[in-house]
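Residue numbers (my numbering), protein chains in the order written: chain Y, 39 to 153; chain Z, 2 to 118.
No residue lacks a Cβ here, since even glycine has one placed at the ideal position from N, Cα and C.
Owing to the predicted nature of the structure, the values given are computational and were not obtained by experimental measurement.
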Amino acid sequence: GAVVSQHPSWVICKSGTSVKIECRSLDFQATTMFWYRQFPKQSLMLMATSNEGSKATYEQGVEKDKFLINHASLTLSTLTVTSAHPEDSSFYICSDRDFHTDTQYFGPGTRLTVL
Amino acid sequence: AQSVAQPEDQVNVAEGNPLTVKCTYSVSGNPYLFWYVQYPNRGLQFLLKYITGDNLVKGSYGFEAEFNKSQTSFHLKKPSALVSDSALYFCAVRPLYSGAGSYQLTFGKGTKLSVIP
Chain Y
39 GAVVSQHPSW VICKSGTSVK IECRSLDFQA TTMFWYRQFP KQSLMLMATS NEGSKATYEQ
99 GVEKDKFLIN HASLTLSTLT VTSAHPEDSS FYICSDRDFH TDTQYFGPGT RLTVL
Chain Z
2 AQSVAQPEDQ VNVAEGNPLT VKCTYSVSGN PYLFWYVQYP NRGLQFLLKY ITGDNLVKGS
62 YGFEAEFNKS QTSFHLKKPS ALVSDSALYF CAVRPLYSGA GSYQLTFGKG TKLSVIP
C-alpha cells in the first residue's frame, strides 16, 4: 500500500516548548492531508484538514493558534504544537488522501509526551 | 451527519476459527466505506474499501467485508483467524460524492480483536 511517513515517531518535551511533527507522502501526491489525535483506547479525533497551498480547516474546539498546520507541498505537511502543556500529550496521526485512488493512508503516528 | 457504530468493544476468537467484526453506518447518499487496522503504537493500515459493485470486497491479509445496503452494515470477516490478526480495527464512512472537497472520514470507536492460540 501507499506509504506515509511521520517524524519523529516519539518526542518528549518540556512544558512551554514547541514541537514540530512532519508528515510526508512518499509515493503519491497528497492534495489533502488530515491531522488526527488519538487518546488511549479511543478512536481518532480529527483536528484539521489541510489542502495544499491553502489554510487548514480546523475542527470545532481545536485551537488553530496552538496547533499550527502547514501544507506547503503535495508531499509534506507539518503540525506544530506551540507552547505545549501536559494536556497536549497524545498520539498524533497524519493521513494523506491519494487523489487517484480517493483513499486515505495513515502515517505511523507520533507519541508526544509533555513534561 | 454521518456516523459509524461498532457495537463490540472486543471480539475474542480462537485461532483457525472464522472471525467477524461488526460495523453499521449512517450517511447521506451512497456510502464510501473503509476498514483500517491499528497495531499498538502505530498508525492505521488500510485493509479494504467499498465503493460500488460487488457487495463482497476482498482486502489485505485475507480479510473481506460484506456490504449490506438494507441493513446499512459493512462487517469485516476472515475465514480463518491468525494470532497475528490481534489488533484494533476501525470502520469508517464518508459520502461517496463529497462536495466542495470534503473528504473527511467518520470513524467508529474501534473493536479490539484478540485471537487466542
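Nearest-angstrom beta carbon gap, residue j and residue i [assumed within contact, 8 angstroms]
i: T148 of chain Y; j: L112 of chain Y; result: T148 of chain Y to L112 of chain Y, Cβ: 21 angstroms. No contact.
i: I50 of chain Y; j: T151 of chain Y; result: 5 angstroms
i: I107 of chain Y; j: S88 of chain Y; result: 5 angstroms
Segment limits, beta strand (DSSP E) that includes residue i
i: V28 of chain Z; result: That residue, V28 of chain Z, is in no beta strand (DSSP E); it is neither H nor E in DSSP.
i: R149 of chain Y; result: 148-152
i: K113 of chain Z; result: 112-117
i: Y37 of chain Z; result: 32-39
i: T70 of chain Y; result: 68-76
i: N13 of chain Z; result: 11-15
i: H123 of chain Y; result: Looking at the DSSP string, H123 of chain Y is not in any beta strand (DSSP E), and its letter there is neither H nor E.
i: P96 of chain Z; result: 88-96
i: A6 of chain Z; result: 4-6
i: L20 of chain Z; result: 20-22
Which of helix, strand or coil DSSP assigns to residue i
i: Y62 of chain Z; result: helix
i: V100 of chain Y; result: coil
i: S56 of chain Y; result: coil
i: D55 of chain Z; result: coil
i: S43 of chain Y; result: strand
i: S85 of chain Z; result: helix
i: K79 of chain Z; result: strand
i: E90 of chain Y; result: coil
i: N108 of chain Y; result: strand
i: F144 of chain Y; result: strand
Rounded C-alpha distance that separates residue i from residue j
i: F66 of chain Y; j: Y40 of chain Z; result: 24 angstroms
i: F64 of chain Z; j: S121 of chain Y; result: 43 angstroms
i: H109 of chain Y; j: C61 of chain Y; result: 9 angstroms
i: K59 of chain Z; j: S27 of chain Z; result: 22 angstroms
i: E97 of chain Y; j: L57 of chain Z; result: 34 angstroms
i: S92 of chain Y; j: Q46 of chain Z; result: 27 angstroms
i: Y51 of chain Z; j: E67 of chain Z; result: 9 angstroms
i: K20 of chain Y; j: V42 of chain Y; result: Coverage of chain Y is limited to positions 39 through 153, which leaves residue 20 of chain Y absent and any answer about it impossible.
i: L153 of chain Y; j: T95 of chain Y; result: 29 angstroms
i: Y62 of chain Z; j: K70 of chain Z; result: 25 angstroms
i: Q76 of chain Y; j: S128 of chain Y; result: 6 angstroms
i: G109 of chain Z; j: Y98 of chain Z; result: 20 angstroms
i: E90 of chain Y; j: D136 of chain Y; result: 13 angstroms
i: K52 of chain Y; j: T141 of chain Y; result: 36 angstroms
i: P8 of chain Z; j: V38 of chain Z; result: 17 angstroms
heavy atom of the ligand MN below 8 angstroms from residue i C-beta
i: L20 of chain Z; result: The ligand MN is not part of the structure shown, which contains no ligands of any sort.
(message) Using a Cβ distance threshold of 8 angstroms, determine whether the stretch 69-86 of chain Z contacts the stretch 12-25 of chain Z, with at least three qualifying pairs required.
(response) Because the criterion of three Cβ pairs below 8 angstroms is met, the stretch 69-86 of chain Z and the stretch 12-25 of chain Z touch.
(message) Tell me whether the stretch 4-17 of chain Z and the stretch 133-148 of chain Y touch, counting them as touching only if at least three CB pairs, one residue from each stretch, are closer than 8 angstroms.
(response) No, the stretch 4-17 of chain Z does not touch the stretch 133-148 of chain Y.
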